[in-house]
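Encoded as structure tokens, the structure appears first; notes follow it.
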Amino acid sequence: MWTETLIAVCRREGIPFSEMEPMKAHTTFKIGGPARVMAMPGTVGQIAALMQGGFPLVFVGRGSNLLVADAGIDGAVVLLGNNFSGVTAEGEVLVCEAGASLSKACRTALEHGLSGLEFAYGIPGTVGGAVYMNAGAYGGEMKDVVLWAEHLDRAGRLHRLSGEELSFSYRHSRYSGGEDCIVRAAFGLRPGDPGQIGADMEALMAKRREKQPLEYPSAGSTFKRPAGGYAAELIERCGLKGFRVGDAMVSEKHSGFVVNCGEATAAEVEELMAAVAERVLAQTGIQLEPEVRRLGSWQR
């Protein structure tokens, strides 16, 4: 059984791990069944040892863009969190480990008087996840600031790709849908006035608090922005603000968010998303595509 072999690798390499770890504790949606094994490496070498084993691996940071199935994940989750969250400034370059939160990266940039990353302040994810999906907000995207990213391939070999080689597009990168593990990324920033940088960061955070349902667990924007419009506008136009299935609800504050009002299940979220997309298509002719990434063992 692969689980026994993976656990043996964890013990040999000194990698903390747990079995049948509830994923609802590791996603911002607070939804998801157990992962068969969760490994929590702290070095690139430890990640490489896991990848070289040929195990069924899924890489997770803060789980801010994930919907994990109620049945859980019949594989191993590699958690790149606090053990992999270093951020350092080297001149005008900010070098971040993949598990570092975007907020930590932004605060470090502020401390060193570096501007260009303000748009990312408050995005509830890690650097690795942000590069993976070319995260963005308020007119900025990862593609605007990423100088390079380093990843391990499935053989555990380390590679570095320039920003130009990462094929960034809207909510997509060369890594999207692949099996590589992003381990570090560098942001090319520019000198700025710390007072202005801090003020801009706080202004964007205030806008988030005002516009977004931060009081409820969610996975951020549920659907991608369709061509020529906004998902939230279309959903609201179709009378779906406040629409709910069980404890999953289209936010009454921002229709682009599906929120967990209590004990929502992944099945309820999936049913709600399908109903929303179906009605929007029927009434507007526009097909909404999920931005939230599904993981785990789904029935369909």
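With the sequence shown counted from 1, adding 917 to any position gets you my numbering.
For each residue, glycine too, the CB sits at the ideal point set by N, CA and C.
It should be emphasised that the depicted structure is a prediction, and the values quoted were computed from it without experimental measurement.
Once you ignore the five residues that flank R1088 on each side, which residues in its own chain have a CB closer than 7 Å to its CB? Looking up residue 1088 in the sequence shown gives position 171. Within the same chain, R1088 has close Cβ partners M1050, N1051, K1141 and E1208.
Tell me, which residues are paired with E1119 by DSSP? Working through the sequence shown from its first residue, we reach residue 1119 at position 202. According to DSSP, E1119 bridges with nothing at all.
Output the distance between the C-alpha atoms of V1048 and A1102, rounded to the nearest integer angstrom. The residue given as residue 1048 occupies position 131 in the sequence shown. The residue given as residue 1102 occupies position 185 in the sequence shown. Distance between the alpha carbons of V1048 and A1102 is about 8 Å.
N-terminal and C-terminal residue of the beta strand (DSSP E) that I1203 is part of: Here residue 1203 refers to the residue found at position 286 of the sequence shown. Per DSSP, I1203 belongs to no beta strand (DSSP E) and is neither H nor E.
At 3 residues or longer, what runs of the beta strand (DSSP E) sit wholly inside the region 998-1042? 1004-1007 and 1010-1014
Buried/exposed call for M937, threshold 16 Cβ in 10 Å: Residue numbering aside, residue 937 sits at position 20 when the sequence shown is read from its first letter. It is exposed - the Cβ of M937 has fewer than 16 other Cβ atoms within 10 Å.
May I ask which residues mark the beginning and end of the beta strand (DSSP E) holding I1152? The residue labelled residue 1152 in the question sits at position 235 within the sequence shown. Unbroken run through I1152 is the alpha helix (DSSP H), A1148 to R1154; no beta strand (DSSP E).
For a test of the three-state rule: what should DSSP assign to C1098, helix, strand or coil? Numbered from 1 along the sequence shown, position 181 holds the residue referred to as residue 1098. Looking at C1098 - three-state DSSP - the assignment turns out to be strand.
Same chain, Cβ closer than 8 Å to E1150, neighbours up to 5 away in sequence not counted: Here residue 1150 refers to the residue found at position 233 when the sequence shown is read from its first residue. Closer than 8 Å at the Cβ level, and outside the excluded window around E1150, lie S1172.
Which whole-angstrom value is the C-beta distance of L1011 and A1022, which I expect to be below 8 Å? Sequence index remark: in the sequence shown, residue 1011 carries index 94 (1-based). Sequence index remark: in the sequence shown, residue 1022 carries index 105 (1-based). Sure, about 6 Å apart at Cβ, within 8 Å.
Going by beta carbon distance, what residues of the same chain come within less than 6 Å of E1169, once the five residues before and after it are set aside? Locating residue 1169 in the sequence shown gives position 252, where the first residue counts as 1. Closer than 6 Å at the Cβ level, and outside the excluded window around E1169, lie K1158 and G1159.
C-alpha distance - V1100 paired with K1128, whole-angstrom precision: On the sequence shown, position 183 is the one that residue 1100 refers to. On the sequence shown, position 211 is the one that residue 1128 refers to. Cα to Cα, V1100 sits roughly 32 Å from K1128.
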